[in-house]
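Sequences listed follow chains A and B, in order. Quick note on my numbering: the first sequence kicks off at 28 and runs consecutively. Quick note on my numbering: the second sequence kicks off at 28 and runs consecutively. Using N, Cα and C, we set each Cβ at its ideal position, and we do this for glycine too. Predicted model, so just to flag it, every value in this text is computed and none were measured. Notes follow the structure.
There are 2 protein chains.
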Amino acid sequence: MIRVLLAILGLWLSCIYGAAMAETRIPAERLLEFSKTVLAAAGADQDSTEATSYALLHASLHGVDTHGFRLLPFYADCLRTGLVKGAPQIRVNLQRRAAVVVDADGGFGHLPSYRAMDEACALARDCGIGMACVINSTHFGAAGAYALAAANAGFIGFVTCNSGAFVIPHGGIRPMHGTSPIALAAPRPDGNPFLLDMATSSFAWNRVLRFRSEGRTLPDGVAIDAEGRFTRDPHAARALAPLGGIDFGFKGAALAGLADVLGGALTGMRLSIEQDGLALGDTKLGHFVMAIDPTTFIAQAMFGERMATYLDSFAGEPATMPAGGPEWIARRDRESNGIPVPDGVRGELEELARSCGTSLPV
Amino acid sequence: MIRVLLAILGLWLSCIYGAAMAETRIPAERLLEFSKTVLAAAGADQDSTEATSYALLHASLHGVDTHGFRLLPFYADCLRTGLVKGAPQIRVNLQRRAAVVVDADGGFGHLPSYRAMDEACALARDCGIGMACVINSTHFGAAGAYALAAANAGFIGFVTCNSGAFVIPHGGIRPMHGTSPIALAAPRPDGNPFLLDMATSSFAWNRVLRFRSEGRTLPDGVAIDAEGRFTRDPHAARALAPLGGIDFGFKGAALAGLADVLGGALTGMRLSIEQDGLALGDTKLGHFVMAIDPTTFIAQAMFGERMATYLDSFAGEPATMPAGGPEWIARRDRESNGIPVPDGVRGELEELARSCGTSLPV
């Protein structure tokens with residue numbers, strides 16, 4: 028029984044973190060400094076450099092490697108080609124008592140999203156709840172970074188945005204949704220918060236590519252081939268399927284719709300179908316950010332007790348974790364042992380370092 | 028190709044609405060009047076009677092039969108046994124500028140939830156966003172009823188609550204979450220709104236029971252047996268699995284966690300693990316309700332254009348529908364042909380009618 032549970036746990040972790048591959052470990056703080064150096068060299072101003080670097084650090088520390096430091100060469104390219112402004116003029120405008128717009132002015136999405144969550148928390152302190160739409164933005168990395176920022180300040184934080192269409196709707200064969208993330212974090216006293224940070228597809232495309240390179244077979248219901256049939260062959264995969272797979276994909280598709288409603292329609296920015304599903308380089312993107320002050324309804328201590336009771340209940344059930352559990356395991360490992368950098372990514376980062384007149388730390 | 032798509036569509040609809048069974052059709056307005064008669068006879072005051080009856084009508088009209096008129100015998104019992112107050116004193120208290128608490132005073136959840144959404148919409152008109160926690164509540168039926176009420180008034184409506192633990196967390200064998208629903212609705216001009224209304228499990232328990240009675244095999248990954256193994260035998264099923272199934276159930280479990288955070292911890296009411304997963308008769312429940320005024324950020328016409336572009340894009344992709352599509356199909360059918368009442372439910376409603384000195388309409 029215990030062996031079965033450990034096997035399930037192992038399978039779960041390997042699903043989330045990927046199988047071991049040839050890699051180096053680099054201390055997190057050195058990668059953070061490296062990130063600041065190369066983004067500044069590529070033309071980002073200090074605020075953008077810091078916010079983007081901290082968002083990359085969040086992802087790399089918490090095991091969300093698709094949105095971690097491996098994005099640096101792409102981000103540097105965005106700056107050098109002028110696709111993303113290095114020195115945006117971020118503007119914040121109070122629209123109503125509990126609502127602000129943060130205009131990202133075509134810069135990276137990280138700075139305006141941290142700023143939006145700061146504003147939402149300030150509004151929540153006054154109004155109980157606060158929201159912010161980020162407009163004219165670009166890629167913002169891991170949604171959980173901003174939700175967690177709220178939780179670390181004592182608020183419940185919620186974040187969503189859409190992304191380029193690469194996921195079929197349930198029953199369809201043409202991508203109409205992105206992997207559009209949803210994130211919610213909630214604080215607990217003296218412990219790790221609740222942290223939901225999920226794509227609304229089962230798989231990220233990056234995971235399909237990793238399965239290709241490792242010669243592995245895909246789980247059922249995560250991808251379709253060129254004819255629109257579900258396939259387990261990662262080489263045949265051409266698009267992703269929504270969370271819920273073959274039978275219940277209408278639920279994942281509906282959640283991706285929520286991301287399009289709040290991140291696309293409400294912000295007046297692009298819908299997933301109006302973005303490029305193959306690249307991360309879209310502009311005119313919207314993000315939706317919200318914070319709730321729990322003390323609006325309930326004494327701080329009572330809310331803490333409720334959260335602790337919920338989160339601690341998982342300890343009594345072997346092989347389970349609350350949302351965020353895998354992230355805290357990754358962080359503990361990576362804070363001690365460094366961020367894993369696969370050889371392929373390492374080569375790209377070394378090339379980026381050379382182009383910026385610096386070197387990749389070890 | 029067309030036949031395959033039609034088959035997929037048929038499978039989808041049969042999944043959602045269940046296979047045909049022996050049933051009578053009864054006009055919706057007659058069932059609505061019947062509901063009012065029996066709830067009043069069982070001791071509900073006029074406001075509770077009307078709100079609960081309209082919530083049941085919403086569910087029965089939109090194909091959410093688990094939360095429709097079939098619940099009437101259960102609701103009448105709740106009133107007769109005193110489990111639910113027939114004449115609650117609903118109290119609304121403004122906590123902060125954009126936040127109210129609605130105390131349900133131990134009555135049915137429908138009246139305070141409609142009231143909470145009304146209040147949230149009024150706050151949103153002023154503040155951009157408004158939220159309400161319903162406390163001291165009981166079963167509130169279909170979450171989508173309140174989200175749709177917001178959309179019908181021009182707002183984006185969001186609703187969630189937890190429910191008694193009957194769904195295992197990912198990797199576990201003991202139920203720790205409910206089928207806890209999440210609902211979001213958003214209006215469009217001259218057409219049906221976006222309507223997401225989903226359980227965070229793949230299946231409802233009711234569906235498992237229906238598969239039992241019909242001798243059908245369950246889809247993969249929706250239920251576990253007494254030993255905690257996934258099973259496709261509905262007779263062996265003992266608990267439900269979260270959305271995402273065998274491989275990706277951590278996402279469905281995280282969404283159920285969101286419902287516990289907002290519906291349980293934030294309201295200071297019971298967590299799913301503190302409720303009875305086998306009955307619907309829990310008291311001291313919380314619900315979370317939120318409304319956003321889209322004109323906070325974007326002109327009405329522009330928001331309408333964005334929503335219409337999103338929703339209409341599905342028309343170009345055969346065999347797909349946006350969230351809410353199956354509901355509008357059900358409503359069109361049921362408004363014309365009546366609400367389907369399976370023979371078993373019909374017998375229960377006839378018995379209820381006799382006990383109230385009335386008769387079931389035809």
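So S340 (chain A) contacts chain B; which residues on that side make the cut at Cβ distance below 7 angstroms?
Counting from 1 along the first sequence, the entry for residue 340 (chain A) is found at position 313. Within chain B, the residues near S340 (chain A) are M203, I300.
Counting only the same chain and skipping the five closest in sequence on each side, list residues whose C-beta sits under 6 angstroms from that of V372 (chain A).
What you label residue 372 (chain A) is simply residue 345 of the first sequence in a count that begins at 1. The answer, listed in chain order, is R97.
Using DSSP with H/G/I as helix, E/B as strand and the rest coil, what is A281 (chain B)?
Taking the second sequence and counting its residues from 1, the one referred to as residue 281 (chain B) is at position 254. Looking at A281 (chain B) - three-state DSSP - the assignment turns out to be helix.
Flag this pair as yes or no: are the beta carbons of R152 (chain B) and A125 (chain A) separated by less than 8 angstroms?
For the purposes of this step, residue 152 (chain B) is identified with residue 125 of the second sequence, where counting begins at 1. For the purposes of this step, residue 125 (chain A) is identified with residue 98 of the first sequence, where counting begins at 1. No, these two residues do not count as a Cβ contact at 8 angstroms.
Considering only residues of the same chain and omitting the five flanking positions on each side of G255 (chain B), which have a CB-CB separation below 7 angstroms?
As a position in the second sequence, residue 255 (chain B) is number 228, starting the count at 1. Here the set comprises I200.
Considering only C-alpha positions, which residue in the set B:F330, B:R259, B:V127 is nearest to D217 (chain B)?
Within the second sequence, residue 217 (chain B) is the residue found at index 190, counting from 1. Of B:F330, B:R259, B:V127, the residue nearest in Cα terms is B:F330.
Identify, in the order they occur along the chain, each residue of the same chain with its Cβ nearer than 8 angstroms to the Cβ of S75 (chain B), setting aside the five sequence neighbours on each side.
Your numbering for residue 75 (chain B) matches position 48 in the second sequence. Correct list, in chain order: L66, G113, A114, P115, G134, F135, H137, L138.
Kindly list the residues whose CB is nearer than 8 angstroms to the CB of T165 (chain A), restricted to its own chain and excluding five residues on each side of it in sequence; keep chain order.
Indexing the first sequence from 1 puts residue 165 (chain A) at position 138. Here the set comprises C105, L110, V111, A131, G133, G134, F135, G136, G308, D309, T310, L312.
Could you name the residues of the same chain whose beta carbon sits closer than 8 angstroms to that of A149 (chain B), not counting the 5 residues immediately before and after it, in chain order?
For the purposes of this step, residue 149 (chain B) is identified with residue 122 of the second sequence, where counting begins at 1. Cβ neighbours of A149 (chain B) beyond the five flanking positions: G157.
Look at the alpha carbon of M144 (chain A) and the alpha carbon of D247 (chain B), and state the distance between them as a whole number of angstroms.
The residue labelled residue 144 (chain A) in the question sits at position 117 within the first sequence. The residue labelled residue 247 (chain B) in the question sits at position 220 within the second sequence. Between M144 (chain A) and D247 (chain B), the C-alpha separation is close to 40 angstroms.
Between B:Y173, B:D72, B:R107, which has its C-alpha nearest A86 (chain B)'s C-alpha?
Taking the first residue of the second sequence as 1, we reach residue 86 (chain B) at position 59. When only C-alpha atoms are compared, the closest one is B:Y173.
Report yes or no: do three or more beta-carbon pairs, one from the region 269 to 285 of chain A and one from the region 180 to 194 of chain A, lie closer than 8 angstroms?
Result yes; three or more Cβ-Cβ pairs closer than 8 angstroms.
Could you check which residue in B:F230, B:G279, B:G351 has the C-alpha nearest to that of P196 (chain B)?
What you label residue 196 (chain B) is simply residue 169 of the second sequence in a count that begins at 1. Closest option to P196 (chain B), Cα to Cα, is B:G279.
Any residues in the region 136 to 170 of chain A with a beta carbon nearer than 7 angstroms to a beta carbon of chain B? Which ones, in chain order?
So the close ones are D153, C154, G155, I156, M158, C160.
Along the region 108 to 130 of chain A, what residues have a CB closer than 9 angstroms to any CB found in chain B?
Against chain B - using a Cβ distance shorter than 9 angstroms - the residues of the region 108 to 130 of chain A are Q122, R123, R124, A125, A126, V127, V128.
Suppose only complete runs of 4+ residues qualify. What are the alpha helix (DSSP H) ranges in the region 188 to 270 of chain B, listed by chain order?
Within the region 188 to 270 of chain B, the complete alpha helix (DSSP H) runs of at least 4 residues are 232 to 241.
Could you name each continuous alpha helix (DSSP H) segment of 4 residues or more that falls completely within the region 322 to 360 of chain A, going from the start of the chain to the end?
Counting whole runs of 4 or more residues, the region 322 to 360 of chain A contains the alpha helix (DSSP H) stretches 327 to 339.
Taking the C-alpha atoms as reference points, what is the distance between A180 (chain B) and S140 (chain B)?
Residue 180 (chain B) sits at position 153 when you count from the first residue of the second sequence. Residue 140 (chain B) sits at position 113 when you count from the first residue of the second sequence. Spanning the two alpha carbons is a distance of roughly 15 angstroms.
Go ahead and label D339 (chain A) buried or exposed: buried means 16 or more other beta carbons lie within 10 angstroms of its beta carbon, across all protein chains shown.
Counting from 1 along the first sequence, the entry for residue 339 (chain A) is found at position 312. Burial call: exposed.
Should V91 (chain A) be flagged as near chain B, meaning a C-beta pair shorter than 8 angstroms?
Within the first sequence, the letter at position 64 stands for residue 91 (chain A). Taking Cβ atoms only, chain B never reaches closer than 8 angstroms to V91 (chain A), which makes this a no.
Excluding the five sequence neighbours on either side, which residues of its own chain have a C-beta within less than 7 angstroms of the C-beta of R381 (chain B), listed in chain order?
Indexing the second sequence from 1 puts residue 381 (chain B) at position 354. Nothing listed; no residue qualifies.
Starting from Q73 (chain B), follow the alpha helix (DSSP H) in both directions and report where the run begins and ends.
Position 46 of the second sequence, counting from 1, holds the residue named residue 73 (chain B). It spans 73 to 88 - the alpha helix (DSSP H) in which Q73 (chain B) sits, taken as one unbroken run.
Under 8 angstroms, Cβ to Cβ, is there at least one residue of chain B near A253 (chain A)?
Position 226 of the first sequence, counting from 1, holds the residue named residue 253 (chain A). No, A253 (chain A) does not count as interfacial toward chain B.
Beta strand (DSSP E) containing P100 (chain B): first to last residue?
Counting from one through the second sequence, the residue named residue 100 (chain B) turns up at place 73. P100 (chain B) -> not in any beta strand (DSSP E); alpha helix (DSSP H) instead, spanning 99 to 107.
Does DSSP put I300 (chain B) in a helix, in a strand, or in coil?
The residue given as residue 300 (chain B) occupies position 273 in the second sequence. Helix at I300 (chain B).
On the DSSP letters alone, give me the boundaries of the beta strand (DSSP E) that R26 (chain B) sits inside.
Any question about residue 26 (chain B) goes unanswered here, given that chain B covers just 28 to 389.
Could you please give me the residues that DSSP links to T51 (chain B) through a beta bridge?
Translated into the one-based positions of the second sequence, residue 51 (chain B) becomes position 24. B:V368.
Would you give the residue range spanned by the beta strand (DSSP E) that S164 (chain B) belongs to?
For the purposes of this step, residue 164 (chain B) is taken as residue 137 along the second sequence, with counting starting at 1. Element bounds for S164 (chain B): 156 to 164.
Could you check which residue in A:F277, A:G276, A:C154, A:A253 has the C-alpha nearest to that of A266 (chain A)?
Residue numbering aside, residue 266 (chain A) sits at position 239 when the first sequence is read from its first letter. For the residues A:F277, A:G276, A:C154, A:A253, the minimum Cα distance to A266 (chain A) belongs to A:A253.
Could you say which of B:A159, B:F238, B:R237 lies nearest to A318 (chain B) if we only look at CA atoms?
Within the second sequence, residue 318 (chain B) is the residue found at index 291, counting from 1. Nearest of B:A159, B:F238, B:R237 to A318 (chain B), Cα basis: B:A159.
Kindly indicate if chain A contains any beta-carbon less than 8 angstroms away from that of E354 (chain B).
Counting from 1 along the second sequence, the entry for residue 354 (chain B) is found at position 327. False, the Cβ-Cβ gap to chain A never drops below 8 angstroms.
Identify, in the order they occur along the chain, each residue of the same chain with its Cβ nearer than 6 angstroms to the Cβ of L58 (chain A), setting aside the five sequence neighbours on each side.
Counting from 1 along the first sequence, the entry for residue 58 (chain A) is found at position 31. Taken in chain order, the residues that qualify are F96, I366.
Does DSSP put F185 (chain B) in a helix, in a strand, or in coil?
Locating residue 185 (chain B) in the second sequence gives position 158, where the first residue counts as 1. Of the three classes helix, strand and coil, the one that applies to F185 (chain B) here is strand, per DSSP.
T227 (chain A): which of A:A342, A:I209, A:T244 sits nearest, CA to CA?
For the purposes of this step, residue 227 (chain A) is identified with residue 200 of the first sequence, where counting begins at 1. Here the closest residue by C-alpha is A:I209.
Please say whether A69 (chain A) and A103 (chain A) have beta carbons closer to each other than 8 angstroms?
Translated into positions along the first sequence, residue 103 (chain A) becomes position 76. Translated into positions along the first sequence, residue 69 (chain A) becomes position 42. Contact flag set, yes.
In chain B, what lies closer than 7 angstroms to L278 (chain A) by C-beta?
If you number the first sequence from 1, residue 278 (chain A) lands on position 251. It should be pointed out that residue 278 (chain A) corresponds to Lys in this sequence rather than to Leu. Those are M225, L270, listed as they occur along chain B.
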